[in-house]
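Chains as they are written, first to last, in our numbering: chain A, 2 to 115; chain B, 30 to 143. All residues carry an ideal CB built from backbone N, CA and C; glycine is no exception. Working notes, structure below.
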Amino acid sequence: NAGVTQTPKFQVLKTGQSMTLQCAQDMNHNSMYWYRQDPGMGLRLIYYSASEGTTDKGEVPNGYNVSRLNKREFSLRLESAAPSQTSVYFCASSAQGGSGNTIYFGEGSWLTVV
Amino acid sequence: QKEVEQDPGPLSVPEGAIVSLNCTYSNSAFQYFMWYRQYSRKGPELLMYTYSSGNKEDGRFTAQVDKSSKYISLFIRDSQPSDSATYLCAMRMTRDNYGQNFVFGPGTRLSVLP
Chain A
2 NAGVTQTPKF QVLKTGQSMT LQCAQDMNHN SMYWYRQDPG MGLRLIYYSA
52 SEGTTDKGEV PNGYNVSRLN KREFSLRLES AAPSQTSVYF CASSAQGGSG
102 NTIYFGEGSW LTVV
Chain B
30 QKEVEQDPGP LSVPEGAIVS LNCTYSNSAF QYFMWYRQYS RKGPELLMYT
80 YSSGNKEDGR FTAQVDKSSK YISLFIRDSQ PSDSATYLCA MRMTRDNYGQ
130 NFVFGPGTRL SVLP
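Spelled out as structure tokens, the structure:
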């Protein structure tokens, strides 16, 4: 089972460059999420998509955009990267109902903005 | 006061010790409680899931929820060096599938020394 797959795993960007982080899940989950994790800050929600066709801002959305391409895929775009966006990014997904009370994460994307 | 508090550690124990990891929370609406294990350079993986108050056991791991005290614990028996990781607690309010309802603790870093 692949679960949640995200690419790329590592990326170095120059300030002002743009890039898209890709995420796909094969668990038929309705909801998908993008988090960033920074030392001492824990996991912070950037954007989420409760279901296909909807997206909403989380705790730290500034500087990011998202697209829920279909039920499986949820991408995160940095339009003009800034050093403050250096972080580890995690995509996650959850179902509705019973097992929807847990959330499953990808392996992470390490982004450095210089 | 943060919604979920967790001792960041690091916590170092000898192999074979019993480990107790704890989280406190302030919102009495939380109903679903999870523990995640995160190895270095990896995504969080679901370890234990419990609903409401009580205990749940899975091998060497026991999750305990005390809703009256707003306190949850994860116990690891016969700890092994392979248990060395960061442990995150997480909780959720309702079955409704709204992304912002997952709240994470900052994580406790555990080292089990051979």
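Check: Pick from Pro39(B), Asp112(B), Asp87(B), Lys96(B) that is closest to asparagine 56(B), judged by C-alpha positions; Outcome: Lys96(B)
Check: Interface flag, threonine 87(A) vs chain B, CB-CB below 8 Å; Outcome: no
Check: Residue-chain proximity (phenylalanine 91(A), chain B), Cβ-Cβ < 8 Å; Outcome: yes
Check: Alpha carbon of glutamate 86(B) to alpha carbon of arginine 106(B), nearest angstrom; Outcome: 11 Å
Check: Residues in the segment 64–79 of chain B having any Cβ partner in chain A nearer than 9 Å; Outcome: Tyr65, Gln67, Arg70, Lys71, Gly72, Pro73, Glu74, Leu75, Tyr78
Check: Close-in-space but distant-in-sequence residues of the same chain around asparagine 51(B) (CB under 6 Å, 5 per side omitted); Outcome: Ser102
Check: Residues bridged to glutamate 34(B) [DSSP beta-bridge criterion]; Outcome: Thr53(B)
Check: CB of proline 9(A) within 8 Å of CB of serine 76(A), strictly; Outcome: no
Check: Buried or exposed by the 16-neighbour rule on C-beta atoms within 10 Å, applied to threonine 137(B); Outcome: buried
Check: Unbroken stretches of the beta strand (DSSP E), 3 residues or longer, contained in the segment 61–91 of chain B; Outcome: 61–67, 74–80, 83–87
Check: Euclidean distance between Cα positions of leucine 46(A) and valine 132(B); Outcome: 9 Å
Check: Expected contact under 8 Å - CB spacing of alanine 93(A) and methionine 33(A) to nearest Å; Outcome: 7 Å
Check: Cβ-based neighbour list, alanine 25(A), same chain, cut-off 7 Å, excluding 5 preceding and 5 following; Outcome: Thr6, Arg73, Glu74
Check: For lysine 58(A), the residue or residues it bridges with in DSSP; Outcome: Tyr48(A)
Check: Contact under 8 Å by Cβ, phenylalanine 106(A) with proline 73(B); Outcome: yes
Check: Chain B within 8 Å of isoleucine 104(A), Cβ atoms only; Outcome: yes
Check: Stretch pair the segment 55–70 of chain A + the segment 31–41 of chain B: three plus CB contacts closer than 8 Å; Outcome: no
Check: Residue-level contact to chain A via CB, glycine 83(B), 8 Å cutoff; Outcome: no
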